[in-house]
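K.L.:
So that we are looking at the same thing, I have put the structure below in structure tokens.
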Amino acid sequence: MLDAKIPSGPLDDKWTEYKGHCKLVNPANKRKLEVIIVGTGLAGASAAAALGELGYKVKAFCFQDSPRRAHSIAAQGGINAAKNYQNDGDSVFRLFYDTIKGGDYRAREANVHRLAEVSANIIDQCVAQGVPFAREYGGLLSNRSFGGTQVQRTFYAAGQTGQQLLIGAYQALERQIALGNVQMYARHEMLEIVKIDGKARGIIARNLVNGELERHFGHAVLLCTGGYGNVFYLSTNAMGSNTTAIWKAHRKGAAFANPCFTQIHPTCIPVSGDHQSKLTLMSESLRNDGRIWVPKKKDDQRKAIDIPEEERDYYLERRYPAFGNLVPRDVASRAAKERCDEGYGVGTSKQAVYLDFADAIVRYGKIEAGKEGKSNMSMEEIIVLGKEVVKEKYGNLFDMYEKITGENPYELPMRIYPAVHYTMGGLWVNYELQTTIPGLYTLGEANFSDHGANRLGASALMQGLADGYFVIPYTLGNSLADEIYNKAIETSHPAFEAAEKEVSDRINQLMNIKGKQTVESFHKRLGKIIWDKCGMARNKEGLQQAIQEIQALKKEFWSDVRIPGSINEMNPELDKANRVADFIELGELMCVDALNRNESCGGHFREEFQTEDGEALRDDANYMYVAAWESKSAHEWNLIKEPLVYDVVKPSQRSYK
Amino acid sequence: MEHYNMNLTVKVWRQKNSKDKGGFQSYPVKDISSEMSFLEMIDVLNEQLIRDGEDPIAFDHDCREGICGQCSMYINGKPHGAWKANTTCQLHMRAFKDGETVTIEPWRAGAFPVIKDLMVDRSAFDRIIQAGGYISVNTGNAVDGNALPINKDKADASFAAAMCIGCGACVAACKNSSAMLFLSAKVAHLALLPQGEPERKSRVLNMVAQMDKEGFGACTNTGACEATCPKEISISNIARLNQEYLVASLTADK
Ligand SMILES: Cc1cc2nc3c(=O)[nH]c(=O)nc-3n(C[C@H](O)[C@H](O)[C@H](O)COP(=O)(O)OP(=O)(O)OC[C@H]3O[C@@H](n4cnc5c(N)ncnc54)[C@H](O)[C@@H]3O)c2cc1C
Ligand code: SF4
Ligand code: FES
């Protein structure tokens, strides 16, 4: 069994108590302690800045050409915080409760409560850094709604919230670089962790510009390397997002928790053809104003505007009157799939539903007309005013939609379909964010800790920054306090040598296959297996097949992949091959996990386990645990369970009706 | 949208590494759908090159949705191609016609040396930010987010400047390779907010000094940067920068 090291005492006091009693490192000693941070997205950049400010000697790594380009930059809709600025009944408890419920009772209470507690500090910190959040005319911060909640607690900067938060963290990080507290290694990819006497003590990284392998020592190593949604090939993640860092750590002994918990986001631009290289999200914030519908008639060939109101099925409003279009993502995605599978889908592929802003445009137009005191405006004039309002709220998303599809969403409803978006699973961490390898920590999307089986919108940015700015500065100190007598270990140590050799052997092996098939073609095939059999709906038979198919694919990959170019140069195909090799292994574990979990919960929907009206049917008696997998051999894993104990919230069948 | 297929000739800059001289190579590509993105067209070409035993074209990209600022190509003589307010990754093939020749080059600027093919080194931008593109506030020092109301118009203007994605197209478009639009966007973002006030003068002086050190050229107000910028960063920011700089150099205690 795993010990999550959750502090004792009442839930409300745990974090305060922890902070009051954790060990500290004095400033002089901090300067002697080296910390490696892999990844400089929101989680990594905030951690690097905060630890640099404290005086630790930090080395930070990212594979992009600058930390400002991490995948976090693409987050659109917003970030949650329990500020209750709207006076609509929000509180730390409510944010905590919504997150636990949204996660379908598969997250750890203590972590989620801490997240809710520090959420307000994040907003304050970002405002102080100059993050230009949206404001009201009175000069105060503005909020919007996101799915799975009934309050307005989401802070945003138009549809570019992730960009603005990351720029804030990036600037804080650059300041520490200028002060000499952080050394930045861009265009570097971590390919192995180094363990000495059971502890994580460094990494092997590849300089992507010249292909050289480098050894770096750290008293502790933090992995902040983001999610693994690209295991599906097509996802809303950036092209480079990968699992390599956490997968290497997993193979070196770190347990991987709930790998099958992946989030399929309901509102993305549908696939247009085989050439598709990635999918684009249309932010959940659009569900504040957009109404989702399909025609009531199967295979309706009419254009959307020709279908009269009474022949439209607003299926979310029909099925979930209390939350309507703002049900959580897993629920909205499955409902869209259900309609399309039944033959009600729209567009040429029939794999799409409408997201319609016509009503919102009229509603906002009328409000504007009212403000201007004009009661006799024509509908055309009202629509013009309404479009202005919608443009201010979502302009960049509408532009993005038009660039991709060539259609104008101010005139026609958007066509959308669910797509892979986020991974709730990740390396298992305890309350201190430490993995099962001492000295190895995981922050942000790369860990599994806070979102259970389904993440609520606007909560990933919150978690990444909570981990980096407000959690790790305390929890890392608690264990580094014991390290102050340990000098930095020379990277000539045999453990470094052995790890480097492992990496170079593997790279040589890959380059020497000289087969016929491209890396991309393998990645596509892997993605299809996982999407079909371990995607929005799963069943035992399909998962068993998928495991066979993935194992066969792995063999084929290692005997027939073709990687052009050479090792000691900039070689993006080699970088990709390293990542795809790891995705293949992870894909297998995802299916193993999905097969083990004989229940449906959140984003994990096993067709065998559903209620009469098609909702996820949990089995709390048998599966109320975190499934943490320990690597035994290439295709074998040990399951270790962390039982989930609910002291405060009473798990029940989730209802959004 | 109606879509169609096309055959093209892609004339692209190939350069093995920073020391190589480099030169153009032409490749035919077939059956490109008008629904593809520009980078998906290059993906198709690269798959073809790999199968033919050649080296694929190296280029920078990540988000493929116009926000990370990583993609950076000169397409038919224009940074990010012909569409207005657009990044390379958002350009779609419906912008091209069957039979066309498409010319692709890396950013050309002394301060952005080529790494390989279409990839350049833009770390100079990071060093400009290091010189002062931040507000010095350590974690945990903040007051309540609503303690300081900020005029909405100012906040919106600050946001408009903060939208810069650091792609470098402004530099690539400028005949002097000036980085003034990029720099001015950051100075404006922070100077428009009360939080940016305490470091206002030192920030602009230090950032401009770093820009000069990196070897970017002077601004002669041609406006090419604004016309190219995918985020429509306004050239009025440069006027603001000049004013900030002037005031700072006259009054800052050095
Ligand atoms: C399109 C989109 C929109 C979203 N919108 C929202 C939203 O509105 N609200 C919300 O809360 N969440 C949103 N999310 C989710 C959220 O953006 C992410 O979960 C979050 O940003 C992840 O941050 P991170 O710091 O954990 O990882 P990332 O930002 O992915 O950063 C990973 C870092 O690790 C580095 N890295 C990875 N592997 C290696 C390696 N092997 N070696 C070296 N470096 C490595 C990368 O270079 C990068 O710096 C959205 C996600 C997507 C895809
Ligand atoms: S100002 Fe515009 S063109 Fe220049 S770096 Fe910023 S976004 Fe790119
Ligand atoms: S790839 Fe990110 S902006 Fe083009």
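Quick note, the sequences are listed as chains A and B, same order.
Mapping the first sequence onto numbering that gives the first Met the number 0, position 381 (from 1) lands on 380, and the numbers just tick up by one.
Mapping the second sequence onto numbering that gives the first Met the number 0, position 198 (from 1) lands on 197, and the numbers just tick up by one.
From the three backbone atoms N, C-alpha and C, an ideal C-beta is built for every residue, glycine too.
Computed from a predicted structure; not experimentally measured.
What residue does the alpha helix (DSSP H) around residue 339 of chain A start on, and which one ends it?
P.N.:
It spans 328 to 340 - the alpha helix (DSSP H) in which residue 339 of chain A sits, taken as one unbroken run.
K.L.:
Counting only Cβ pairs nearer than 8 angstroms, list the residues of chain A close to residue 189 of chain B.
P.N.:
In chain order: 129.
K.L.:
Roughly how many angstroms lie between the CA atoms of residue 73 of chain B and residue 129 of chain B, to the nearest whole one?
P.N.:
So the alpha carbons of these two residues sit roughly 28 angstroms apart.
K.L.:
Would you mind giving the Cβ-Cβ distance between residue 348 of chain A and residue 278 of chain A, rounded to the nearest angstrom? I have them listed as a contact below 8 angstroms.
P.N.:
Not quite, the Cβ-Cβ distance comes to about 13 angstroms (not below 8 angstroms), so this is no contact.
K.L.:
In terms of residues, what are the limits of the beta strand (DSSP E) holding residue 10 of chain A?
P.N.:
Where residue 10 of chain A is concerned, there is no enclosing beta strand (DSSP E), given that its DSSP letter is neither H nor E.
K.L.:
Indicate the three-state DSSP secondary structure (helix, strand or coil) for residue 82 of chain B in the structure shown.
P.N.:
If DSSP states are grouped into helix, strand and coil, residue 82 of chain B belongs with coil.
K.L.:
Which residues mark the beginning and the end of the beta strand (DSSP E) in which residue 502 of chain A is found?
P.N.:
Note, residue 502 of chain A: premise wrong, no beta strand (DSSP E); alpha helix (DSSP H) at 493 to 512.
K.L.:
Any C-beta of chain C within less than 9 angstroms: which residues of the region 399 to 411 of chain A qualify?
P.N.:
Going by chain labels, chain C is absent from the structure shown, which instead holds the protein chains A and B.
K.L.:
May I ask you to list, following chain order, the residues of the region 113 to 125 of chain B that have a beta carbon less than 9 angstroms from some beta carbon of chain A?
P.N.:
From the region 113 to 125 of chain B, only 114, 115, 116, 118, 119, 120, 121, 122, 124, 125 have a Cβ closer than 9 angstroms to chain A.
K.L.:
Contact defined as beta carbons within less than 8 angstroms: I believe residue 258 of chain A pairs with residue 585 of chain A. What is the distance between those atoms, to the nearest angstrom?
P.N.:
The pair is a contact, with the Cβ atoms about 7 angstroms apart (cut-off 8 angstroms).
K.L.:
Tell me the DSSP secondary structure of residue 600 of chain A in three-state form.
P.N.:
Correct three-state label for residue 600 of chain A: strand.
K.L.:
How far does the alpha helix (DSSP H) with residue 642 of chain A in it extend, from its first residue to its last?
P.N.:
Element bounds for residue 642 of chain A: not the alpha helix (DSSP H) but the beta strand (DSSP E), 635 to 642.
K.L.:
Mind checking residue 661 of chain A: buried by the 16 CB within 10 Å criterion, or exposed?
P.N.:
The question about residue 661 of chain A has no answer, for chain A in this structure spans 0 to 656.
K.L.:
Report all residues from its chain with a CB closer than 7 angstroms to the CB of residue 52 of chain A; omit the five preceding and five following residues, and keep chain order.
P.N.:
If we look at residue 52 of chain A and ignore the five residues flanking it on each side, its Cβ neighbours are 175.
K.L.:
Residue 43 of chain B: which of A:561, A:423, A:520 sits nearest, CA to CA?
P.N.:
If we check each option's Cα against that of residue 43 of chain B, A:520 comes out closest.
K.L.:
Less than 8 angstroms between CB atoms is the rule here; does residue 232 of chain B satisfy it with respect to chain A?
P.N.:
Not an interface residue.
K.L.:
I need the DSSP call for residue 283 of chain A, collapsed to helix, strand or coil.
P.N.:
In the structure shown, residue 283 of chain A sits in a helix (DSSP, three-state: H, G or I).
K.L.:
For the beta strand (DSSP E) containing residue 263 of chain A, list its first residue and its last residue.
P.N.:
Its beta strand (DSSP E) spans residues 261 to 267.
K.L.:
Are the C-beta atoms of residue 126 of chain A and some chain B residue less than 8 angstroms apart?
P.N.:
It does; some Cβ of chain B falls within 8 angstroms.
K.L.:
Let me know the secondary structure DSSP gives residue 91 of chain B once reduced to three states.
P.N.:
Three-state DSSP puts residue 91 of chain B in a strand.
K.L.:
DSSP three-state label for residue 111 of chain B, please.
P.N.:
Residue 111 of chain B: coil per DSSP, three-state reduction.
K.L.:
Anyone know if the C-beta pair for residue 185 of chain A and residue 64 of chain A falls short of 8 angstroms?
P.N.:
Contact: yes.
K.L.:
In the region 136 to 149 of chain B, which residues sit with their C-beta less than 9 angstroms from some C-beta in chain A, listed in chain order?
P.N.:
Of all residues in the region 136 to 149 of chain B, 136, 137, 138, 139, 140, 141, 142, 143, 144, 145, 146, 147, 148, 149 have a Cβ within less than 9 angstroms of some Cβ in chain A.
K.L.:
Smallest Cα separation from residue 499 of chain A: which of A:134, A:193, A:69?
P.N.:
It is A:193 whose Cα lies nearest to the Cα of residue 499 of chain A.
K.L.:
In whole angstroms, give me the CA-to-CA distance for residue 357 of chain A and residue 325 of chain A.
P.N.:
Spanning the two alpha carbons is a distance of roughly 17 angstroms.
K.L.:
Report yes or no: do the region 74 to 87 of chain A and the region 194 to 211 of chain A share at least 3 C-beta pairs separated by less than 8 angstroms?
P.N.:
No, the region 74 to 87 of chain A does not touch the region 194 to 211 of chain A.
K.L.:
When DSSP labels each residue in this structure, what does residue 30 of chain A get in the three-state scheme?
P.N.:
Coil.
K.L.:
If I follow the unbroken beta strand (DSSP E) through residue 5 of chain B, where does it start and stop?
P.N.:
Taken as a continuous stretch (DSSP letters only), the beta strand (DSSP E) holding residue 5 of chain B covers 4 to 13.
K.L.:
Is the beta carbon of residue 162 of chain B sitting closer than 8 angstroms to the one on residue 230 of chain B?
P.N.:
Closer than 8 angstroms, so yes.
K.L.:
Roughly how many angstroms lie between the CA atoms of residue 443 of chain A and residue 423 of chain A, to the nearest whole one?
P.N.:
For residue 443 of chain A and residue 423 of chain A, the distance between alpha carbons rounds to 10 angstroms.
K.L.:
Identify whether residue 218 of chain A lies in helix, strand or coil by the three-state DSSP scheme.
P.N.:
In the structure shown, residue 218 of chain A sits in coil (DSSP, three-state: anything other than H, G, I, E or B).
K.L.:
How should residue 3 of chain B be labelled, buried or exposed, when 16 other C-beta atoms within 10 angstroms of its C-beta is the threshold for buried?
P.N.:
Exposed is the call here.
K.L.:
Between residue 169 of chain B and residue 228 of chain B, how many whole angstroms is the CB-CB distance? I'm expecting something under 8 angstroms.
P.N.:
Indeed they touch by this definition, with Cβ atoms about 6 angstroms apart.
K.L.:
Taking Cβ positions only, does residue 345 of chain A come closer than 8 angstroms to chain B?
P.N.:
Judged by the 8 angstroms Cβ criterion, residue 345 of chain A is not in contact with chain B.
K.L.:
On the three-state DSSP scale, how would you describe residue 79 of chain A?
P.N.:
In the structure shown, residue 79 of chain A sits in a strand (DSSP, three-state: E or B).
K.L.:
Would you say the beta carbon of residue 190 of chain B comes nearer than 7 angstroms to a heavy atom of ligand 2?
P.N.:
Flag unset: Cβ of residue 190 of chain B not near ligand 2.
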